[in-house]
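Single-structure report; data block below.
Number of protein chains: 2
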Amino acid sequence: MSQIRSGAMTPARRTPTLEDVAREAGVSRATASRVVNGQENVDAGLRLRVIDAIASIGYVPNAAAAALVSRRTGTVALVMSGSDGSAGQAFADPFFGRIIGGVVTCLRDRSMRATVQLADSAKARNDALDLVRRGGADGALLVSTHANDPLPRMFLEAGVPAVLFARPSPRLPISYVDLAHDQGAALAADRLAARGCRTVATIAGPAELPAAIDRLTGFEHAMEAHGVPYVHVARGNFTAESGERAMTALLATAPDLDGVFAANDLMAVGALRALQLAGRSVPDDVALIGFDDSQPAQLTSPRLTTISQPLEAMAARMTEMLLERLADSAKPPEPQIFRPVLVERESA
Amino acid sequence: MSQIRSGAMTPARRTPTLEDVAREAGVSRATASRVVNGQENVDAGLRLRVIDAIASIGYVPNAAAAALVSRRTGTVALVMSGSDGSAGQAFADPFFGRIIGGVVTCLRDRSMRATVQLADSAKARNDALDLVRRGGADGALLVSTHANDPLPRMFLEAGVPAVLFARPSPRLPISYVDLAHDQGAALAADRLAARGCRTVATIAGPAELPAAIDRLTGFEHAMEAHGVPYVHVARGNFTAESGERAMTALLATAPDLDGVFAANDLMAVGALRALQLAGRSVPDDVALIGFDDSQPAQLTSPRLTTISQPLEAMAARMTEMLLERLADSAKPPEPQIFRPVLVERESA
DNA sequence: AGTCCGCGAGAGAGCGCTCTCTCACCCTCT
DNA sequence: AGAGGGTGAGAGAGCGCTCTCTCGCGGACT
Chain A
1 MSQIRSGAMT PARRTPTLED VAREAGVSRA TASRVVNGQE NVDAGLRLRV
51 IDAIASIGYV PNAAAAALVS RRTGTVALVM SGSDGSAGQA FADPFFGRII
101 GGVVTCLRDR SMRATVQLAD SAKARNDALD LVRRGGADGA LLVSTHANDP
151 LPRMFLEAGV PAVLFARPSP RLPISYVDLA HDQGAALAAD RLAARGCRTV
201 ATIAGPAELP AAIDRLTGFE HAMEAHGVPY VHVARGNFTA ESGERAMTAL
251 LATAPDLDGV FAANDLMAVG ALRALQLAGR SVPDDVALIG FDDSQPAQLT
301 SPRLTTISQP LEAMAARMTE MLLERLADSA KPPEPQIFRP VLVERESA
Chain B
1001 MSQIRSGAMT PARRTPTLED VAREAGVSRA TASRVVNGQE NVDAGLRLRV
1051 IDAIASIGYV PNAAAAALVS RRTGTVALVM SGSDGSAGQA FADPFFGRII
1101 GGVVTCLRDR SMRATVQLAD SAKARNDALD LVRRGGADGA LLVSTHANDP
1151 LPRMFLEAGV PAVLFARPSP RLPISYVDLA HDQGAALAAD RLAARGCRTV
1201 ATIAGPAELP AAIDRLTGFE HAMEAHGVPY VHVARGNFTA ESGERAMTAL
1251 LATAPDLDGV FAANDLMAVG ALRALQLAGR SVPDDVALIG FDDSQPAQLT
1301 SPRLTTISQP LEAMAARMTE MLLERLADSA KPPEPQIFRP VLVERESA
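Protein sequence lines, in the order shown, are assigned to chains A and B. If you count by my numbering, then the first sequence holds residues 1 to 348, one letter each, in order. If you count by my numbering, then the second sequence holds residues 1001 to 1348, one letter each, in order.
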């Protein structure tokens, strides 16, 4: 009731600043700052006094003040760029989770952190760009999974340091990491060929996705090299349902099928279901290979043989590339392509 | 070769500041600031001039400067606290992904963002706490999945605003959101009872996890209420393999089993495999229910009946609670419990 | 017509830190 | 022994913004 705010009377314990540390330790603010930031050229005795002072007054540096003058925040924007309206649900996909894990782990070794942005609308894209432009982050990592994403170009034109996950669809002079999708598909083709499959089909992904295209053409070329000039093709949209539909259609067209390569595991799971429903045994009647080495691939019976991509390593490298660019703004753009690996399980 | 850095000669286009905007618009810096921050009490004419000035000189506010004086960053630390050494791989679990999605979506409506921290070692825990104490974030969201996590207490004792996902294992005066795990288990029990199951088992999670305990006791109590006083219990560790092992053991102990509740979907998938290997038909011989409504639950044959938790909504609410706490530091701690839902599919 | 009130605008004081520049000192080399 | 170089410490100038305080003006009320 009668709580009086007497500004003059309350000494008001401020949070201690570097100035206080300096006074307590009997050194200048500059020296205190050097100790706090781990610079080497400080006398051991003084360093000790500063450290004691920090402990005794409970000093905690202020990040905003440091960022204001150093123009570095130690933060990287991790922009997940789904197609418009894909909202937060995209994160349910372990694909994003694994990338986040790779990025965060890499950053934390350098005492840095990531802030996660969702760019699934024009406004969200602008916000993501603005974050970096306002100095809320030092640079950006763009993970875009759909074709013709305007985001990479926006960052490029704004002169904001950025590295992409996956090759930009219209090519752009900007660094990126990607998987050799065609090699992955070739791995699948090799496997199928080695098993003696001669009537082969593939369930491809959306035609506008570079990764999907590479997986398709890579598979076709590799099968051709194995003496199988024609490959049945059905399209899916990376969901299990679409895989099931595609497989059913394929079975109608080519009942004598003995090998199938699905452009991702989810479609492979759907295909497996269609195959089993049609009374085909996998892998005895039909060999089946997926792509991604996702969790579902390990849970089916038979377990899926699939192509794995080193997402964490790719994410870590992407992060390093951004950090290199941050350290040297003259660093030229560079692609970095990773090799996929065949994971042999039971379905092929 | 002879590129000379003449500091004195280059006018060096600085990035424009609020001062520049004010000058250009012919107003004071304070007024420009008001317009930038969308304050209402500004004359319409002046506002327009300021907006024009911003556009014409390409002004972008500086986040660090604003944070320095306002003591708000608009950032929330999202701390994923796995058990020590669980590293980045934890993110592969869609559980984290969905939470991240819920948090990020909620924050962005308020023009805020989240920075993801991984707290799986003593150092990482300190770093996470330090981030907030240094003003790198306004508060913290702690998602901890293992018992006796020291993190909540650390934040509480440091006086750092924080809200938890899941009830802290030794109880603490701190806000949290959680699922009524016992109710979820009861939903499963009801379903099994309704199908006429009389010889029932459950595959429980790790005994030290509060959520696992609640699911077990909730199931036992509900079955008892349905006139089934004894429930066979096997332990798993939330992996498919452990579920398969547990199911095999259960089948040996109680071959006449007709209903099984697994404490999560992954274990249910493993159980399904064991059941099918043992020649039992699901759901005809044995009804099976999982928990989580994760992706694998939708991919098995038969598809899993399971209990779903509204993770995104819980994450969003957790975020709101933190924001409320940030707006009113006197806000008392409060738990918020969400209701699980039975998802009827094919396995029960 | 005079006074009071309310509201919009400007002035200015920092927020806490980094970093360059300068200086003092000591050691080494000639 | 003197000059030069290297190293560590201090001084001080901001970084760009927010926010309180003050002031001036116009309308309403007496």
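Just so it is clear, CB atoms sit at the ideal spot from N, CA and C, and this is done for glycine as well. Bear in mind the structure is a predicted one, so any value in this text is a computation, not a measurement.
Query: Nearest-angstrom Cα separation, counted from LEU78(A) out to ASP138(A); Result: 11 Å
Query: Cβ pair SER1175(B), PRO1333(B) closer than 8 Å; Result: yes
Query: Cut-off 6 Å between Cβ atoms - residues of its own chain near SER347(A), not counting five sequence neighbours on either side; Result: VAL282, PRO283, LEU288, PRO302, LEU304 and THR305
Query: Helix, strand or coil at LEU1107(B) according to DSSP, with G and I counted as helix; Result: helix
Query: Touching by the beta-carbon criterion (3+ pairs, under 8 Å), the segment 1267 to 1279 of chain B and the segment 1165 to 1179 of chain B; Result: no
Query: Exposure of ILE99(A), with buried meaning 16 or more beta-carbon neighbours within 10 Å; Result: buried
Query: Distance CB(ALA327(A))-CB(THR105(A)) smaller than 8 Å; Result: no
Query: ARG1303(B): CB within 7 Å of a non-hydrogen atom of the ligand NAD; Result: The model on display carries no ligand, and the ligand NAD is accordingly not part of it.
Query: Segment limits, alpha helix (DSSP H) that includes MET1267(B); Result: 1265 to 1277
Query: Inter-residue spacing [alpha-carbon to alpha-carbon] between VAL1200(B) and ASP1093(B); Result: 29 Å
Query: Under 7 Å by beta carbon: chain A residues contacting ASN1062(B); Result: ARG134 and GLY135
Query: Distance, GLU157(A) Cα to SER329(A) Cα; Result: 15 Å
Query: Assumed close pair LEU209(A), ALA147(A) - CB separation to whole angstroms, cut-off 8 Å; Result: 6 Å
Query: Coarse secondary structure for LEU404(A), derived from DSSP in three states; Result: Shown here, chain A extends from 1 to 348; a query on residue 404(A) therefore has no answer.
Query: Cα-Cα separation, GLY26(A) to ASP1127(B); Result: 28 Å
Query: Within chain B, partners of GLN309(A) - CB distance below 7 Å; Result: Near GLN309(A) there are no residues of chain B at all, since even the closest Cβ is about 13 Å away, more than 7 Å.
Query: Short CB-CB distance (under 8 Å) between GLN1039(B) and chain A; Result: no
Query: Close beta carbons around ARG5(A), own chain, < 6 Å, minus the five adjacent residues each side; Result: Its pLDDT being 35, under 50, ARG5(A) is placed unreliably in this model, and the value from its coordinates should be taken loosely. There are no such residues.
Query: Residue-level contact to chain B via CB, ALA92(A), 8 Å cutoff; Result: yes
Query: ASP1258(B) to ILE1203(B) span [Cα, whole Å]; Result: 14 Å
Query: Cβ separation of GLY205(A) and PHE238(A), assumed to be a contact under 8 Å, to the nearest whole Å; Result: 5 Å
Query: is_contact[GLY1007(B), chain A] using C-beta, thresh 8 Å; Result: Note that GLY1007(B) has pLDDT 33, beneath the 50 cutoff, so the model's placement of it is unreliable and no number is given.
Query: Chain-ordered neighbours of PHE96(A) on chain B, where CB pairs are closer than 7 Å; Result: GLY1097
Query: Per-residue burial, THR319(A) [other beta carbons within 10 Å of its own, 16 or more giving buried]; Result: buried
Query: THR31(A) versus GLY1038(B) - alpha carbon distance; Result: 41 Å
Query: Beta-bridge pairing of PRO396(A) - partner residues as DSSP gives them; Result: Missing from the structure shown is residue 396(A); chain A here goes from 1 to 348 and no further.
Query: Buried versus exposed call for SER1056(B) [16 or more other C-beta atoms within 10 Å across all chains shown]; Result: exposed
Query: DSSP-derived helix/strand/coil call for PHE291(A); Result: coil
Query: Whole-number beta carbon distance between ALA1063(B) and GLY135(A), since they are thought to touch under 8 Å; Result: 5 Å
Query: Residues that PRO1296(B) contacts on chain A, provided the C-beta gap is smaller than 8 Å; Result: GLN295, PRO296 and LEU299
Query: The segment 1258 to 1271 of chain B: positions lying closer than 7 Å to chain A by Cβ; Result: VAL1269
Query: Cβ shell of ARG1153(B) (< 7 Å), same chain only, five flanking positions each side left out; Result: LEU1172
Query: Contact check, ALA1194(B) vs PHE1219(B), beta carbons under 8 Å; Result: no
Query: Test: THR10(A) CB closer than 8 Å to a CB of chain B; Result: Reliability fails at THR10(A), whose pLDDT of 39 lies under 50, so the model's placement of it is uncertain and no value is given.
Query: Check whether LEU129(A) and LEU322(A) have beta carbons under 8 Å apart; Result: no
Query: Beta carbon of ALA1122(B) nearer than 8 Å to that of MET1080(B); Result: no
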